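First the structure, in the form of structure tokens, and then the observations on it.
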Amino acid sequence: MSRAGRVPARKETTGCRKRESVFTVNAYAATSATEPLAPTTIERRDLGPDDVAIDIKFSGICHSDIHTARSEWGPTTYPIVVGHEIAGVVREVGSAVTKFAVGDRVGVGCMVDSCRECDNCRKGLEQYCLKGNIGTYGGVGRDGEPTQGGYAQAIVVTEDFVLRIPDGIELDAAAPLLCAGITTYSPLRHWNAGPGRRVAVIGLGGLGHMAVKLAHAMGAEVTVLSQSLKKREDGLRLGADHYHATSDEATFTDLAGSFDLIVNTVSAAIDLDAYLGLLAVDGTLVNVGAPEDPLSVRAFSLIPARRSFAGSMIGGIAETQEMLDFCAEHGLGAEIEVIPAEKINEAYERVLASDVRYRFVIDASTF
Ligand code: NAP
Ligand code: ZN
Ligand code: ZN
Numbered sequence: 003m004s005r006a007g008r009v010p011a012r013k014e015t016t017g018c019r020k021r022e023s024v025f026t027v028n029a030y031a032a033t034s035a036t037e038p039l040a041p042t043t044i045e046r047r048d049l050g051p052d053d054v055a056i057d058i059k060f061s062g063i064c065h066s067d068i069h070t071a072r073s074e075w076g077p078t079t080y081p082i083v084v085g086h087e088i089a090g091v092v093r094e095v096g097s098a099v100t101k102f103a104v105g106d107r108v109g110v111g112c113m114v115d116s117c118r119e120c121d122n123c124r125k126g127l128e129q130y131c132l133k134g135n136i137g138t139y140g141g142v143g144r145d146g147e148p149t150q151g152g153y154a155q156a157i158v159v160t161e162d163f164v165l166r167i168p169d170g171i172e173l174d175a176a177a178p179l180l181c182a183g184i185t186t187y188s189p190l191r192h193w194n195a196g197p198g199r200r201v202a203v204i205g206l207g208g209l210g211h212m213a214v215k216l217a218h219a220m221g222a223e224v225t226v227l228s229q230s231l232k233k234r235e236d237g238l239r240l241g242a243d244h245y246h247a248t249s250d251e252a253t254f255t256d257l258a259g260s261f262d263l264i265v266n267t268v269s270a271a272i273d274l275d276a277y278l279g280l281l282a283v284d285g286t287l288v289n290v291g292a293p294e295d296p297l298s299v300r301a302f303s304l305i306p307a308r309r310s311f312a313g314s315m316i317g318g319i320a321e322t323q324e325m326l327d328f329c330a331e332h333g334l335g336a337e338i339e340v341i342p343a344e345k346i347n348e349a350y351e352r353v354l355a356s357d358v359r360y361r362f363v364i365d366a367s368t369f
């Protein structure tokens, strides 16, 4: 097949060190903050003893991919292949691999390694590794090369950072769980979402719709706070008990002081003070949305009701497996629209316009 227009593959040598037996796969890369993503080829390292080679079947589009592709979080090193919601099947395992076998259904999320020795890694909080976890893209892999993510046909990952996708979840609906699922599951668990707890979710996008499903499955009373009522039917079907438009000022007076936990999934800076006013005494607003612009908080939005403002980043490896098993047990997966690779740029525009129901997932056979 002609791959006209492909971005040139990276060089085969790094400094004076010749790279050995790598394999080449088709991928889609961002080449600058302003150019559309385009087809390319990348190299994957050859299998080390503890490595698993995975044929990617589906790759979710997270808003973080867009922030990164467009250098919104600071300068990105190009070309970069983003994608950290990876679902696939094991094609080969290294000689020392014990947890996985060829043919297993597996996933990879936002990290591919960490130091494994620091206090946080030892506690299963690899995402907060004191030396910095190694991102699935934009990090430096054990071969010394920049890590490249899931918009590709295959990936090689050390077995300790590979997750098992339970049989009950289709691979396409499972892919977004590897980021959107765990990023919302972890704070919901940490702040005890469950029976008797009133949880609000700001933004019904990729993360938000998983937050609604998960909080409902945990037994919490769930409220969606969306910009409009356009997605109300969906929100209620996904498990919300209540749905309010934040464009309606009455929402902020009617619901004042009424939530124990608010999960903010919005990708842009919002008026946090207005939302903090919705927390009950001892309530927490946890930010998982990661806008490029700073967020500001007035001290008097917190002080009068002993409120907390917090952040949370993805989840550890064991917790991610726990989340996948929880989803299988409760029959949960993401609501997805599967697209071919050539529609990635169009999908990005739709995500930016909040026109996503509720996660785009790329069919990896089209890379
Ligand atoms: P998404 O699918 O685009 O969802 C974001 C939702 O926020 C939109 O659907 C929209 O919901 C709402 N929204 C967007 N712009 C808004 C605005 N200007 N004002 C108010 N509401 C707005 O994005 P996502 O993939 O869920 O990711 C959300 C954010 O989380 C991104 O910043 C991403 O980088 C970040 N993230 C963080 C982590 C972490 O570990 N903390 C992990 C993954 C992603 P409505 O239409 O319902 O209003
Ligand atoms: Zn993500
Ligand atoms: Zn560590």
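To convert a position in the sequence shown, counted from 1, into the numbering used here, add 2.
Built from N, CA and C at the ideal position, the CB exists for glycine as well.
Computed from a prediction, not measured in an experiment: that's the story for all the values here.
Inter-residue Cα distance where the pair is residue i and residue j
{"i": "F328", "j": "A40", "result": "36 Å"}
{"i": "H246", "j": "K59", "result": "37 Å"}
{"i": "P148", "j": "K233", "result": "39 Å"}
{"i": "A222", "j": "L257", "result": "17 Å"}
{"i": "A154", "j": "V110", "result": "13 Å"}
{"i": "D174", "j": "L281", "result": "36 Å"}
{"i": "D275", "j": "V224", "result": "21 Å"}
{"i": "A312", "j": "A89", "result": "30 Å"}
{"i": "A213", "j": "T79", "result": "31 Å"}
{"i": "G317", "j": "E351", "result": "28 Å"}
{"i": "P51", "j": "C123", "result": "22 Å"}
{"i": "I272", "j": "G279", "result": "13 Å"}
{"i": "G152", "j": "V24", "result": "17 Å"}
{"i": "P81", "j": "A32", "result": "6 Å"}
{"i": "E45", "j": "N266", "result": "37 Å"}
{"i": "I319", "j": "L354", "result": "29 Å"}
{"i": "C181", "j": "V203", "result": "17 Å"}
{"i": "A98", "j": "T253", "result": "56 Å"}
{"i": "R364", "j": "A177", "result": "In the sequence as displayed, the identity of residue 364 is Ile instead of Arg. If I take the Cα positions, the gap works out to 10 Å."}
Reduced DSSP secondary structure (H/G/I, E/B, other) of residue i
{"i": "Y350", "result": "helix"}
{"i": "T248", "result": "coil"}
{"i": "L240", "result": "helix"}
{"i": "E116", "result": "Residue identity differs from the one stated: residue 116 is Ser in this sequence, not Glu. Residue state, collapsed to three classes: coil."}
{"i": "D53", "result": "strand"}
{"i": "I63", "result": "coil"}
{"i": "V214", "result": "helix"}
{"i": "F362", "result": "strand"}
{"i": "F369", "result": "coil"}
{"i": "S230", "result": "coil"}
{"i": "P41", "result": "strand"}
{"i": "G76", "result": "strand"}
Same chain, Cβ closer than 8 Å to residue i, neighbours up to 5 away in sequence not counted
{"i": "C120", "result": "C131, L132, K133"}
{"i": "V108", "result": "V54, I56, A89, G90, V91, V92, F102, V164, L165, R166, I167"}
Sequence-distant residues of the same chain with beta carbon closer than 7 Å to residue i, five excluded per side
{"i": "E94", "result": "L49, A55, V104"}
{"i": "S367", "result": "none"}
{"i": "A330", "result": "P168, G170, I171"}
{"i": "L209", "result": "A182, T185, T186, T267, V290"}
{"i": "S260", "result": "R200, L280, A282"}
{"i": "H332", "result": "A219"}
Other residues of its chain near residue i: CB distance less than 6 Å, five sequence neighbours each side excluded
{"i": "L206", "result": "V226, S228, K233, G237"}
{"i": "A35", "result": "R72, S73"}
{"i": "W193", "result": "L263, T286"}
{"i": "M325", "result": "G183, I184, Y187"}
{"i": "V201", "result": "A195, A217, A222, V224, L263"}
{"i": "I63", "result": "A349, F362"}
{"i": "G76", "result": "none"}
{"i": "D145", "result": "R47"}
{"i": "G96", "result": "L49, G50, P51, D52, D53"}
{"i": "D370", "result": "Only positions 3 to 369 of the chain appear in this structure, which leaves residue 370 out of reach."}
Distance cut-off 7 Å: residue i Cβ against heavy atoms of ligand 5
{"i": "H69", "result": "Although ligand 5 was asked about, the structure shown includes only ligand 1, ligand 2 and ligand 3 as ligands."}
Touch check for the region 285–302 and the region 65–74: three-plus C-beta pairs under 8 Å? Three or more Cβ pairs drawn from the region 285–302 and the region 65–74 lie within less than 8 Å of each other, which places the two stretches in contact.
Of all the alpha helix (DSSP H) runs that stay within the bounds of the region 259–288, which reach a length of 4 or more residues? Whole alpha helix (DSSP H) segments, 4+ residues: 274–278.
Can you find at least 3 beta carbon pairs, one from the region 298–318 and one from the region 196–205, that sit closer than 8 Å? No contact exists between the region 298–318 and the region 196–205.
My parser needs the alpha helix (DSSP H) runs of 4 or more residues fully inside the region 149–203; what are they? Counting only runs of at least 4 residues, the region 149–203 fully encloses the following alpha helix (DSSP H) elements, listed from N- to C-terminal order: 173–176, 182–192.
Complete alpha helix (DSSP H) runs within the region 312–343 (minimum length 4 residues, chain order): The qualifying runs are 319–331.
Give, in chain order, every unbroken run of the beta strand (DSSP E) that is at least 3 residues long and sits entirely within the region 90–142. Whole beta strand (DSSP E) segments, 3+ residues: 107–110, 113–115.
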